[in-house]
Amino acid sequence: MTLYLIRHADAGSRDPYSSSDHLRGLSEDGMRQAARIADRLGDSGVSRIISSPYPRCVQTVAPLAERLGLSVEFHRALAEGAFGPDAAELLWELADVEAVLCSHGDVIPDVIDLLVDTGTVIDGRCGSAKGSIWTITSDGESLLTASYAKTPRKPDSALR
(Lines of atoms letter the chains of each structure in order from A and count residues from 1; the text may use other names and numbers.)
(Lines give C-alpha, C1' and ligand atoms only; values in the text may rest on other atoms or scores of the structure.)
Protein backbone atom coordinates (compact mmCIF):
# COMPACT_ATOMS: atom_id res chain seq x y z
CA MET A 1 0.00 0.00 0.00
CA THR A 2 1.08 3.57 -0.59
CA LEU A 3 0.24 6.84 1.12
CA TYR A 4 1.05 10.20 -0.45
CA LEU A 5 1.56 13.00 2.07
CA ILE A 6 1.41 16.32 0.24
CA ARG A 7 2.24 19.79 1.49
CA HIS A 8 -0.29 22.23 0.06
CA ALA A 9 0.75 24.02 -3.12
CA ASP A 10 1.83 27.67 -3.23
CA ALA A 11 -0.61 29.99 -1.48
CA GLY A 12 1.37 33.21 -1.64
CA SER A 13 2.69 34.90 1.46
CA ARG A 14 1.16 34.82 4.89
CA ASP A 15 -0.09 38.20 6.11
CA PRO A 16 1.19 38.50 9.68
CA TYR A 17 -1.55 41.04 10.48
CA SER A 18 -4.46 38.98 9.19
CA SER A 19 -6.63 36.91 11.50
CA SER A 20 -8.07 35.01 8.53
CA ASP A 21 -4.95 33.23 7.26
CA HIS A 22 -6.82 29.94 7.61
CA LEU A 23 -8.98 31.13 4.67
CA ARG A 24 -6.04 31.73 2.30
CA GLY A 25 -6.36 29.84 -0.97
CA LEU A 26 -3.85 28.91 -3.64
CA SER A 27 -2.04 31.41 -5.83
CA GLU A 28 -1.99 31.01 -9.63
CA ASP A 29 1.31 29.15 -9.29
CA GLY A 30 -0.30 26.96 -6.65
CA MET A 31 -3.19 26.09 -8.97
CA ARG A 32 -0.65 25.00 -11.60
CA GLN A 33 1.16 22.90 -8.98
CA ALA A 34 -2.14 21.27 -8.00
CA ALA A 35 -2.76 20.34 -11.64
CA ARG A 36 0.71 18.78 -11.87
CA ILE A 37 0.09 16.82 -8.67
CA ALA A 38 -3.15 15.50 -10.19
CA ASP A 39 -1.24 14.52 -13.34
CA ARG A 40 1.39 12.73 -11.27
CA LEU A 41 -1.00 10.84 -8.99
CA GLY A 42 -3.91 10.36 -11.39
CA ASP A 43 -3.00 6.72 -12.09
CA SER A 44 -1.78 5.86 -8.59
CA GLY A 45 -4.75 3.75 -7.48
CA VAL A 46 -5.69 6.14 -4.69
CA SER A 47 -9.07 5.36 -3.14
CA ARG A 48 -9.23 8.11 -0.49
CA ILE A 49 -8.21 11.77 -0.35
CA ILE A 50 -7.98 13.33 3.10
CA SER A 51 -7.10 16.97 3.67
CA SER A 52 -6.68 19.67 6.22
CA PRO A 53 -9.90 21.70 6.12
CA TYR A 54 -7.95 24.84 5.12
CA PRO A 55 -8.81 26.01 1.57
CA ARG A 56 -5.20 25.90 0.36
CA CYS A 57 -5.01 22.18 1.14
CA VAL A 58 -8.44 21.39 -0.26
CA GLN A 59 -7.61 23.29 -3.46
CA THR A 60 -4.33 21.38 -3.76
CA VAL A 61 -6.07 18.00 -3.92
CA ALA A 62 -9.30 19.10 -5.66
CA PRO A 63 -8.01 18.48 -9.23
CA LEU A 64 -6.94 14.95 -8.24
CA ALA A 65 -10.27 14.28 -6.50
CA GLU A 66 -12.15 15.46 -9.57
CA ARG A 67 -10.03 13.31 -11.88
CA LEU A 68 -10.57 10.22 -9.72
CA GLY A 69 -14.24 10.89 -8.94
CA LEU A 70 -13.53 11.00 -5.20
CA SER A 71 -14.72 13.34 -2.47
CA VAL A 72 -12.19 15.14 -0.33
CA GLU A 73 -12.50 14.12 3.33
CA PHE A 74 -11.47 16.64 5.99
CA HIS A 75 -9.45 15.81 9.09
CA ARG A 76 -8.38 18.26 11.81
CA ALA A 77 -5.22 16.23 12.49
CA LEU A 78 -3.89 17.58 9.17
CA ALA A 79 -4.72 21.25 9.90
CA GLU A 80 -2.06 23.88 10.42
CA GLY A 81 -0.92 23.87 14.03
CA ALA A 82 -2.16 20.32 14.58
CA PHE A 83 -0.36 18.00 16.98
CA GLY A 84 2.16 15.95 14.93
CA PRO A 85 1.42 12.65 16.72
CA ASP A 86 -2.27 12.95 15.78
CA ALA A 87 -1.39 13.32 12.10
CA ALA A 88 1.08 10.43 12.31
CA GLU A 89 -1.60 8.29 13.97
CA LEU A 90 -3.88 9.01 11.02
CA LEU A 91 -1.19 7.69 8.64
CA TRP A 92 -0.83 4.50 10.69
CA GLU A 93 -4.62 4.05 10.62
CA LEU A 94 -4.48 4.28 6.81
CA ALA A 95 -1.61 1.82 6.37
CA ASP A 96 -3.91 -0.65 4.62
CA VAL A 97 -5.30 1.72 1.94
CA GLU A 98 -4.02 3.76 -0.99
CA ALA A 99 -4.57 7.37 0.06
CA VAL A 100 -3.53 10.97 -0.43
CA LEU A 101 -3.26 13.25 2.58
CA CYS A 102 -2.69 17.01 2.33
CA SER A 103 -1.30 19.06 5.20
CA HIS A 104 0.93 22.00 6.12
CA GLY A 105 4.61 22.84 6.50
CA ASP A 106 4.47 22.84 10.29
CA VAL A 107 2.83 19.40 10.52
CA ILE A 108 4.68 17.34 7.91
CA PRO A 109 8.21 17.55 9.41
CA ASP A 110 6.83 16.43 12.79
CA VAL A 111 5.08 13.49 11.10
CA ILE A 112 8.25 12.43 9.29
CA ASP A 113 10.28 12.68 12.51
CA LEU A 114 7.75 10.45 14.28
CA LEU A 115 7.82 7.93 11.44
CA VAL A 116 11.62 7.75 11.67
CA ASP A 117 11.38 7.32 15.44
CA THR A 118 9.13 4.30 14.92
CA GLY A 119 11.31 2.59 12.32
CA THR A 120 10.22 3.99 8.95
CA VAL A 121 13.25 4.19 6.65
CA ILE A 122 13.79 7.48 4.82
CA ASP A 123 14.88 6.88 1.24
CA GLY A 124 16.91 9.91 0.16
CA ARG A 125 16.61 13.50 1.22
CA CYS A 126 14.03 15.23 3.39
CA GLY A 127 12.01 18.38 2.83
CA SER A 128 8.61 19.99 2.90
CA ALA A 129 8.51 22.49 0.04
CA LYS A 130 5.10 23.72 -1.06
CA GLY A 131 3.53 21.16 -3.37
CA SER A 132 5.98 18.44 -2.40
CA ILE A 133 4.99 14.80 -2.02
CA TRP A 134 6.15 12.22 0.50
CA THR A 135 5.54 8.70 -0.82
CA ILE A 136 5.13 6.34 2.13
CA THR A 137 4.96 2.59 1.60
CA SER A 138 3.42 0.08 3.96
CA ASP A 139 2.85 -3.64 4.26
CA GLY A 140 -0.71 -3.01 5.42
CA GLU A 141 0.32 -2.76 9.07
CA SER A 142 3.62 -0.87 9.33
CA LEU A 143 4.85 2.19 7.49
CA LEU A 144 8.07 0.91 5.93
CA THR A 145 9.70 3.59 3.77
CA ALA A 146 9.24 7.26 2.97
CA SER A 147 10.70 9.17 0.04
CA TYR A 148 10.48 12.88 -0.71
CA ALA A 149 10.01 14.65 -4.03
CA LYS A 150 9.30 18.23 -5.00
CA THR A 151 6.32 19.01 -7.22
CA PRO A 152 6.82 17.75 -10.77
CA ARG A 153 8.03 20.61 -12.99
CA LYS A 154 5.64 19.81 -15.83
CA PRO A 155 2.74 17.38 -16.22
CA ASP A 156 4.73 14.56 -17.80
CA SER A 157 7.76 14.71 -15.50
CA ALA A 158 8.49 11.96 -13.00
CA LEU A 159 8.97 12.53 -9.30
CA ARG A 160 12.61 12.49 -8.34
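Going by our numbering, the letters in the sequence shown line up with residues 634 to 793, in that order.
Heads up, the beta-carbon is just placed ideally off N, CA and C, and yes, glycines get one too.
Small disclaimer: the values here were computed from a predicted structure and weren't measured.
Which residues in the same chain have their Cβ closer than 7 Å to the Cβ of S748, if we skip the five residues on either side of it in sequence? Before going on, a small fix: residue 748 reads as Leu here, not Ser. Excluding sequence neighbours, L748 sits near A721, L776, A779.
Classify T753: buried if its beta carbon has 16 or more other beta carbons within 10 angstroms, exposed otherwise. buried
If we count Cβ pairs, one from each stretch, closer than 8 Å, do we get three or more for the segment 751-769 versus the segment 656-671? yes
Would S646 be called buried (16 or more neighbouring beta carbons within 10 Å of its own) or exposed? exposed
Nonlocal neighbours in the same chain, by C-beta distance under 8 Å from G760, ignoring five residues either side: Y781, K783
Contact check, I639 vs V705 under 8 Å by CB: the rounded distance? Their Cβ separation, rounded to whole angstroms, is 12 Å, which puts I639 and V705 out of contact at 8 Å.
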